[in-house]
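Residue numbers (this note's numbering): 2 to 447.
A short write-up of the structure that comes next.
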């Protein structure tokens, strides 16, 4: 089996071989190439020690030299070159206590997580596949190298990685590997929030984000996202729904593009329903106030998982407004766009459509038509350049100062008043009319 290696990868391998060292492309790049995918990164494993690698290449970075990894830079692109190694005892479910370098490629491949990631290749030896990774690729199986319990005890994040690879590749997890996850799920509590966040985002933005269900079934979300477990356990006895809160959420994930903010929004849009559930005398469940409470809960979850502030703010805003359904008019659309931020409205429409598609068939066409009509009105308002943000007023604070106002509460109150008037009557947004309005309202305040 021949793999076409990139020029730089071959260059690094051949340079190492010329000095008497063995070297191979290894891991995910080999896996992705065999799947017909374009690898994001190319990693190289070698019998050369880190100091030898550094001596052979003019521009290197000590990426993880204590673990044998040196990044070789060629034309501003980095390639990680790692010495064959044997990992010692793991004390924190992530890092080996010590690393021993070896000249044996097979020993290095034994320490890797899954068979599909434990293949190596160079043009001289061809594919080195000691654990039938190529077969597992053909069969669509995620299987640990060697004993699954050992691999997960070495690094607990590998359990979530197994689910993530299943979601990205559309594969199933082999039964012994699944059993080991069930047994050791609680140990993922030892993994940092930052590492869990990265795997969760990769899972959610995959082709099969609903594989989050598998993380729940195996006991992983109970540890790092217990709110989702409550969602899976909360029914929705309501004519608008046919799934539990959690199953509804899983369905909606697949109906938005693979965008981090949109997928996180769908994951969390109903996160507060278990806390807000009430049942009327007819046995119908209601979830009053769940968008507002959901915004608060979503912010706490995203902070706990160490998401950046921009992602957190965008997701929380969409969660807060996902259930808004004003009567359709230009005025109401302008006001909603103003409250939530005009730039968020297109994403809100995407969220609303997905929310409807995850519900029962009850009045579905009517609900979707509402979203279409809202979107049409909004797009027409934008085409007319109507004012939906205060900064789009035809005058600003400087104009008010020139007419004699002082900076402070009065100026802010007048700008707020003018903006409110323009939201109701967009034709007022001219310099002349707003200055006249400002003069009149100032006179009434004096």
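C-beta: ideal position from N, C-alpha, C; glycine also.
In this text the structure is predicted, and so the values were computed from the model without any measurement.
Cβ-Cβ distance between residue i and residue j below 8 Å
i           : j           : result
residue 188 : residue 145 : no
residue 237 : residue 309 : no
residue 298 : residue 272 : yes
residue 24  : residue 105 : no
residue 63  : residue 71  : yes
residue 254 : residue 324 : no
residue 100 : residue 88  : yes
residue 338 : residue 346 : yes
residue 10  : residue 80  : yes
residue 390 : residue 343 : yes
residue 424 : residue 394 : no
residue 263 : residue 352 : yes
residue 277 : residue 296 : no
residue 119 : residue 132 : yes
residue 416 : residue 398 : yes
residue 222 : residue 229 : yes
residue 225 : residue 197 : yes
residue 204 : residue 168 : yes
residue 370 : residue 401 : no
residue 185 : residue 153 : yes
residue 359 : residue 249 : yes
Coil, strand or helix - residue i by DSSP
i           : result
residue 86  : strand
residue 133 : coil
residue 24  : strand
residue 108 : helix
residue 388 : coil
residue 279 : strand
residue 64  : strand
residue 440 : helix
residue 417 : helix
residue 49  : coil
residue 308 : coil
residue 14  : helix
residue 2   : coil
residue 378 : helix
residue 259 : coil
residue 292 : helix
residue 333 : helix
residue 225 : helix
residue 244 : coil
Pairwise C-alpha distance: residue j and residue i
i           : j           : result
residue 110 : residue 78  : 25 Å
residue 161 : residue 117 : 16 Å
residue 361 : residue 232 : 17 Å
residue 207 : residue 175 : 20 Å
residue 58  : residue 7   : 18 Å
residue 244 : residue 252 : 9 Å
residue 5   : residue 85  : 23 Å
residue 181 : residue 305 : 26 Å
residue 433 : residue 340 : 26 Å
residue 56  : residue 315 : 47 Å
residue 170 : residue 32  : 11 Å
residue 246 : residue 261 : 21 Å
residue 274 : residue 267 : 13 Å
residue 350 : residue 372 : 6 Å
residue 332 : residue 368 : 20 Å
residue 307 : residue 183 : 25 Å
residue 18  : residue 47  : 9 Å
residue 427 : residue 387 : 6 Å
residue 60  : residue 50  : 16 Å
residue 319 : residue 129 : 48 Å
residue 348 : residue 290 : 21 Å
residue 151 : residue 108 : 15 Å
residue 312 : residue 302 : 12 Å
residue 34  : residue 217 : 31 Å
residue 256 : residue 38  : 24 Å
residue 21  : residue 112 : 24 Å
residue 380 : residue 429 : 20 Å
residue 125 : residue 30  : 18 Å
residue 227 : residue 220 : 10 Å
Beta-ladder partner(s) of residue i, from DSSP
i           : result
residue 127 : 123
residue 81  : 44 and 72
residue 102 : 86
residue 115 : 145
residue 174 : 143
residue 287 : 279
Checklist entry - Are at least three pairs of beta-carbons, each pair with one atom in the region 276-293 and one in the region 376-389, less than 8 Å apart? => result no
Next on the checklist: Pairs of beta-carbons, one from the region 191-208 and one from the region 134-153, closer than 8 Å: are there three or more?
Outcome noted: no
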